[in-house]
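4 protein chains.
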Amino acid sequence: MITVLKHNATPEQIQHLIDWLKHLNVDVHVSHGKEVTVLGLIGDTSRVDMELLASLEMVSSVKRVSEPFKQANRKFHPVDSVVSVGDVKIGGGHFAMIAGPCSVESEEQIIEVAQSVKASGANILRGGAYKPRTSPYAFQGLKDEGLRLLVEAKKATGMPIITEIMNIRTLDLFEDVDIIQVGARNMQNFDLLQELGKTQKPILLKRGLANTLQELLMSAEYIMSEGNENIILCERGIRTYETYTRNTLDLSAIPVLHELSHLPVVIDPSHATGKSRLVSPMAAAAAAAGADGIMVEVHNNPSCALCDGAQSLTLAQFAELNKKVNRVREAIR
Amino acid sequence: MITVLKHNATPEQIQHLIDWLKHLNVDVHVSHGKEVTVLGLIGDTSRVDMELLASLEMVSSVKRVSEPFKQANRKFHPVDSVVSVGDVKIGGGHFAMIAGPCSVESEEQIIEVAQSVKASGANILRGGAYKPRTSPYAFQGLKDEGLRLLVEAKKATGMPIITEIMNIRTLDLFEDVDIIQVGARNMQNFDLLQELGKTQKPILLKRGLANTLQELLMSAEYIMSEGNENIILCERGIRTYETYTRNTLDLSAIPVLHELSHLPVVIDPSHATGKSRLVSPMAAAAAAAGADGIMVEVHNNPSCALCDGAQSLTLAQFAELNKKVNRVREAIR
Amino acid sequence: MITVLKHNATPEQIQHLIDWLKHLNVDVHVSHGKEVTVLGLIGDTSRVDMELLASLEMVSSVKRVSEPFKQANRKFHPVDSVVSVGDVKIGGGHFAMIAGPCSVESEEQIIEVAQSVKASGANILRGGAYKPRTSPYAFQGLKDEGLRLLVEAKKATGMPIITEIMNIRTLDLFEDVDIIQVGARNMQNFDLLQELGKTQKPILLKRGLANTLQELLMSAEYIMSEGNENIILCERGIRTYETYTRNTLDLSAIPVLHELSHLPVVIDPSHATGKSRLVSPMAAAAAAAGADGIMVEVHNNPSCALCDGAQSLTLAQFAELNKKVNRVREAIR
Amino acid sequence: MITVLKHNATPEQIQHLIDWLKHLNVDVHVSHGKEVTVLGLIGDTSRVDMELLASLEMVSSVKRVSEPFKQANRKFHPVDSVVSVGDVKIGGGHFAMIAGPCSVESEEQIIEVAQSVKASGANILRGGAYKPRTSPYAFQGLKDEGLRLLVEAKKATGMPIITEIMNIRTLDLFEDVDIIQVGARNMQNFDLLQELGKTQKPILLKRGLANTLQELLMSAEYIMSEGNENIILCERGIRTYETYTRNTLDLSAIPVLHELSHLPVVIDPSHATGKSRLVSPMAAAAAAAGADGIMVEVHNNPSCALCDGAQSLTLAQFAELNKKVNRVREAIR
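Listed below in structure tokens is the structure:
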């Protein structure tokens, strides 16, 4: 950690600061320049409160030179992590094609979608049981009944399943769920993360709407520091001033996260764009940028003339998307 | 709710959509124009999924004409709400001056700060016991011991106390806490909001880093829809591209929230700016814009030469700030 | 244009507003609902000031139902526009591979880079002569001498050239330039746009750092409304809170712009990411999302050990990128 | 400037970099740590391209320790600058109350507004002649005729006038204008800034929609480096994800700019909020935060029932606002 002091810091103040830092078991290397004095902090700086330090009157700026995440860091784990879910592997060259409906609605629906997306090439089934909604008056999902139906679809097709948890008190109900999803709004629900860290369930951790990639990795670290290393990172769009798309999908997250971390990276173009006609080009782009997986919403309402064109793909559109993604993956090898 | 259809929507599609909407018990008023057809949706539209509607191929756009929040809405409750906390009132002309340390550190610390800020004009004591931290390796607060010390300070000074909850499972420990704070990261932790809605505790609800004012009011609605109407809204800075301040304090939130809602609005300039020298001007500005209260961090380390200038104000700086805020409040009457 | 009035608007106010709108030669279709009154504005609404209308006390909201851009609009020009630059075509299936150094530095440099990138598959040469710099003390480019050297490279290789204009007073110097670039900071320099609209030069128009896609199309409209239809749109990253990359590359701009407009869309991953190691995955992603071209920075300093890894690609890295982009383009056909 | 090198930088690479930096006449102070090597760059680092340096493979990060602006910097000019405009002074305790219509429409209009706002306490008259508009089809202002009418109003009332320039080629027409405004969209139109730097006209420089405070000061530096020190900085709202207000007014800009620079700071709450009912609280807040002036839009259409509540204040509302702002200024002394 590098701390740059202001030019008007007095020798007494500087000594004060150095004593305090040494008290925290950090070695301090002082370098006096003409305009500024620079302190190099060496050793375990994890106990140094960077924001407090930065806010001191005498301090011009503070900079970490080592990333604050350890277990998620590629430096300490150079090889790609591979997360195993039943027979499916994610990361290190293995690709997750996750598909399924936004919400689980009925046994017929989830099983029909599951069979169809499996036949088209999906290897993991998604489906919402607990749905986070901005409004308390909106449909919140079938909840435990939704979980039960998802497990039925798993039995019927053999596909591993992924669904979102919203409250740690429902954890027992997720026993047969293969991957637990932590939604964007809960990315910094630290108590939830820590509890999930005590399980060995694979966790798909979505980036929050206004969170940096480093914060995403710090949240992964919360889970890993409790012992669970089965983390899949997921970019699903960030909030910007642009309103034409629901969010702005940040595909540079893929190479950046691969550089900083060994964890696999999955992209969710359905939630990011909010429009089904944008899902296919963004899925292809994600594959071209090196994603370890794609998660898309697919529905099966052949009689519902309304739903074509909504956020979810039809079964046929998904089959096309899967072929295209595979061709692109082949092209970048 | 107004739904604008694309010019190439077929009569069959339009009839399909109208039937579906009527099925949801919504009256539909159709208006055919040259370029577009507009559907006016009348009645209780809360069951209509606006995002689904907007994502239909045939739909150009959807617009709510009535706000989606009801109990938090000034339209249905024109008079300012006043939240009572012991003898202290907030809103409707009553001002909350909330002060205290970032974290509760020791009995001596919290009592000394409490006595001093009370003497300087504060009427509510703040102090962090459970601290949300980006890093799992950072200090997370004294937790239940911090809560206990805060209650000691309440007994010693008679001041009502406010502190943050991070996990609903600790709710029992908040019995003697007067106002429960929901932090920015938990603004859309809907399960937590609903549980707090089942209590009658005053709740200070902070705006999330990337949440709109409407989303803040929807989260207040989550609490109110469960029966708890004692809500205080709090603006504490939003995330933008500007890096000189920690966040960008959006003071226009004050008149906007007062226009949309009857709930009191408190401003936290300490977290928004991250620099104590910016706290006083922003507190004065908040008062000038009509805030119902200010919440600031104050510390008492006379021996700690380091801490002057950090995010927290000294006891003397707080006394000055309080006088200034009172003069500004007088000026705008 | 749809105007939603507040429920407390009086009949006199409504009549006032209707009279005023009719005075602007707009037909008004009134629809009274229980909660709101909706005015449908029909005809040429381009003279109606939408912001003024929206700011009226009695107005709840205003919504355009037809896009405010005409000549750039795909509705009125369903077929892809193809911009021709010498023998090179851009758009409608024709791909622009634009490469070259950030700044033109010397005749040797620009000619060597030009020959190399041409051999590797580039079909247009880029090079900065006038450089917009945040600081007045930074290097501003070789200016007219840079233009001259770029023209030399064009003669030597036969490649069309593109370079940025910063001031309309230098337009005469751009006679031999094939594509004039308008930089992100000048996207809303409306006087410059109008002057360029009076030429027939192909214009590459970059999206501003904080501009919406609709604003980009309105700026294209500024040029087109003066008679120049040779416009190429360029996404080069937008400003967000994320700091790991220089900007956030918004690749959903590609399908969105293709949906809204007939103009070709080129992506600049070099400026968006600021790091050469991110350029290749983002270029491949852009191709997968359907871009009509890529513009990348390439340098030729074999002796400069420093420069490897900087924003610019080496000649060898560009050759690899070009192959990869071609394979991806093949894959999505 | 501090440059932190990655731990895998080789001694040869480091020596290469040091040689290159010395070649730029910068002294380099090397500090080897366990994890990283830190280079302290001493002397005139203005010629060092910080972005290039940061993008080198071997470099982890680069940090300026001295601000890149010199003439705008308070360090080198500790006393507040006072800009004089006729008898009116701005900065250093002198307050500018700038008021007038959005656009100059007619001689009657501009003179009536001028007389009224002068009587209510305004000391500078604003009025748009050249109007930047997103759409080429929107009203662009009365242009030179607008300028002429503004000068008439100046003669009639003795008030200094301010209006916006959009194109340096019209500079001659601004001879009788007292303050030339550079709009948000032109904040980084560097050629325009440099030309204005060659005059001695006071310049009101508006912050761009997505520009940092440091970039605003760098643009002031562009003007000052050419010899014109009469700069007034203006915050007018930045673009964020919040859509209820037109922009987000960043009032912390006031104390921050006062800390970094000696230049006066004026706030424009009309454009920032887009709603007249938000202008008065934001103007009071700006005064409380220490602004050196306020610029607001005022109209005079007593017969136009429509216009009440629009972005502009009525004459009576302005009179109230002026009194309130004065009381707040008194309160913070």
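Residue numbers (the working numbering), protein chains in the order written: chain A, 1 to 333; chain B, 334 to 666; chain C, 667 to 999; chain D, 1000 to 1332. Virtual Cβ for every residue (Gly too), placed ideally from N, Cα, C. This one's a predicted model, so the numbers in the text were calculated from it and none came from an experiment.
Cutoff 8 angstroms; reference residue i; Cβ partners in own chain excluding five residues on either side
i         : result
A:VAL28   : ILE18, LEU21, LYS22, LEU39, GLY40, LEU41 and ILE42
A:VAL65   : MET1 and ILE2
B:GLY479  : SER436, VAL437, GLY460, GLY461, ALA462, TYR463 and THR496
A:ILE254  : GLU235, VAL265, ILE267, ALA286, ALA289, GLY290 and ALA291
D:SER1045 : PRO1067
D:ASP1043 : ASN1024 and VAL1025
Residues of its chain near residue i, where Cβ-Cβ distance is below 6 angstroms and the 5 sequence neighbours each way are ignored
i         : result
D:ASN1122 : VAL1087 and MET1096
D:SER1119 : PHE1317, ALA1318 and ASN1321
B:VAL661  : ALA617, ALA620 and ALA621
D:GLU1111 : ASN1299
C:SER697  : VAL704
C:ALA873  : Before going on, a small fix: residue 873 of chain C reads as Arg here, not Ala. Excluding positions up to five away in sequence, the list reads LEU882 and GLU901.
C:HIS928  : ARG740, HIS743, ASP746 and SER747
B:SER603  : VAL612, VAL629, GLU630 and GLN644
Buried versus exposed, by CB contacts within 10 Å (16 or more), residue i
i         : result
D:ARG1168 : exposed
B:GLY474  : buried
A:LYS155  : exposed
C:GLU963  : buried
A:THR10   : exposed
B:PRO411  : exposed
C:ASP958  : buried
B:ALA649  : exposed
D:GLN1310 : buried
B:GLN442  : buried
A:ARG333  : exposed
A:PHE95   : buried
Integer-rounded CB distance, given that residue j should sit under 8 angstroms from residue i
i        : j        : result
C:TYR907 : C:PHE856 : Wrong, their Cβ atoms sit about 29 angstroms apart, outside the cutoff.
B:ILE680 : B:LEU537 : Nothing can be reported for residue 680 of chain B, as the shown portion of chain B is limited to 334 through 666.
A:ALA114 : A:MET159 : 6 angstroms
Three-state secondary structure (DSSP) of residue i
i         : result
C:HIS924  : helix
A:THR273  : helix
C:THR711  : helix
A:VAL328  : helix
D:ALA1304 : With a pLDDT of only 48 at D:ALA1304, under 50, the local geometry of the prediction cannot be trusted, and the value read off the model is given with reservation. Looking at D:ALA1304 - three-state DSSP - the assignment turns out to be helix.
D:ASP1079 : coil
B:PHE651  : helix
C:ALA952  : helix
B:GLU438  : coil
C:LEU915  : coil
C:MET724  : coil
D:ASP1026 : strand
B:LEU350  : helix
B:VAL398  : coil
D:ALA1113 : helix
Same chain, Cβ closer than 7 angstroms to residue i, five either side skipped, listed in chain order
i         : result
D:TRP1059 : Checking the sequence, you will find Ser at residue 1059 of chain D rather than Trp. Counting only Cβ-Cβ distances below 7 angstroms, and skipping sequence neighbours, we find VAL1003, LEU1004, LYS1005 and VAL1035.
B:PHE409  : LYS403
B:ILE347  : LEU338 and THR370
D:LEU1052 : THR1002, VAL1058 and VAL1061
field: Length-filtered (3 minimum) beta strand (DSSP E) runs lying within the region 818-891 of chain C
entry: 827-831, 845-848 and 869-872
field: Unbroken stretches of the beta strand (DSSP E), 3 residues or longer, contained in the region 122-149 of chain A
entry: 124-126
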